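Just below is one structure, and these are the notes that go with it.
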Amino acid sequence: MRVLIAVASRHGSTYEIAEVIAAELRAAGDVVDLRAAADVDSLEAYDAVVLGSAVYMGKWLPEARQFVTRHRARLAAMPVWLFSSGPLGHDDPKPVGDPADLDDLLQSTQARGHRIFAGKLDMRGLSIGERLIARMVKAPEGDFRDWDAIRAWAREIATELPAHPASAG
Numbered sequence: 085m086r087v088l089i090a091v092a093s094r095h096g097s098t099y100e101i102a103e104v105i106a107a108e109l110r111a112a113g114d115v116v117d118l119r120a121a122a123d124v125d126s127l128e129a130y131d132a133v134v135l136g137s138a139v140y141m142g143k144w145l146p147e148a149r150q151f152v153t154r155h156r157a158r159l160a161a162m163p164v165w166l167f168s169s170g171p172l173g174h175d176d177p178k179p180v181g182d183p184a185d186l187d188d189l190l191q192s193t194q195a196r197g198h199r200i201f202a203g204k205l206d207m208r209g210l211s212i213g214e215r216l217i218a219r220m221v222k223a224p225e226g227d228f229r230d231w232d233a234i235r236a237w238a239r240e241i242a243t244e245l246p247a248h249p250a251s252a253g
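Going by this note's numbering, 239 is the number at position 155 of the sequence shown; the sequence numbering is gapless.
Okay, here's the thing in structure tokens:
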């Protein structure tokens, strides 16, 4: 299978999650392209899509939402999985709940699944405004990504994709 992983990442944390998903799918025998969602013009070369976005202010980034709008018809006709990155903390990541626009994204893409992964906050990489907001909401600084959970989800996707020609028969 030829799989596109399209991602919208503001500071790189969500992109790093996408890299791990890509590595797992490649290990399962898929051909994977990892690209910024804003840079994808066509889905014609792909058999499946994994689309991910960082969540800011409770919503997916505009580039990811625009990706869904641009490719709505093609996405609805192929296997699609969505992931979000953003909650912070180890024991009880905040904020709790799905992104505000998730229902529309799931309906538009006919996605087979969605996962939320905890993210990473490094204050040094933020703008002054972002640092101010992070302090106001008392966002914990650190890397809270669960790499084992991310890899396991990618392996689940790999098992749902049609058999690879090399492994068939």
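Virtual Cβ for every residue (Gly too), placed ideally from N, Cα, C.
As the structure is a prediction and not an experimental result, all values here were calculated from the model.
Inter-residue spacing [alpha-carbon to alpha-carbon] between residue i and residue j
i    : j    : result
I241 : R215 : 35 Å
A120 : V91  : 5 Å
K222 : L135 : 29 Å
G203 : I101 : 9 Å
E103 : D227 : 16 Å
8 Å CB neighbourhood of residue i in its chain, flanking five on each side removed
i    : result
E128 : R158
7 Å Cβ shell around residue i - same chain, five flanking residues per side excluded
i    : result
M207 : R215, A218 and E225
D187 : none
Beta-carbon proximity check, residue i vs residue j, cutoff 8 Å
i    : j    : result
S192 : R156 : yes
L145 : R94  : yes
V140 : L88  : Going by the sequence as given, residue 140 is Tyr instead of Val. Against a cut-off of 8 Å, the Cβ pair of L88 and Y140 comes out as no contact.
S97  : A148 : no
A112 : P163 : no
D123 : L245 : no
Sequence-distant residues of the same chain with beta carbon closer than 6 Å to residue i, five excluded per side
i    : result
L198 : The question names Leu, but residue 198 is His in the sequence shown. So the qualifying residues of the chain are L166.
Q194 : A160
A250 : Confidence at A250 is low in this model, with a pLDDT of 42, below 50, so the placement of that residue should be treated as unreliable; the coordinate-derived value is given next. There are no such residues.
L205 : L172, A223 and E225
For residue j and residue i, believed in contact at Cβ under 8 Å, the rounded distance
i    : j    : result
A238 : L118 : At roughly 12 Å, the Cβ-Cβ gap does not stay under 8 Å, so A238 and L118 are not in contact.
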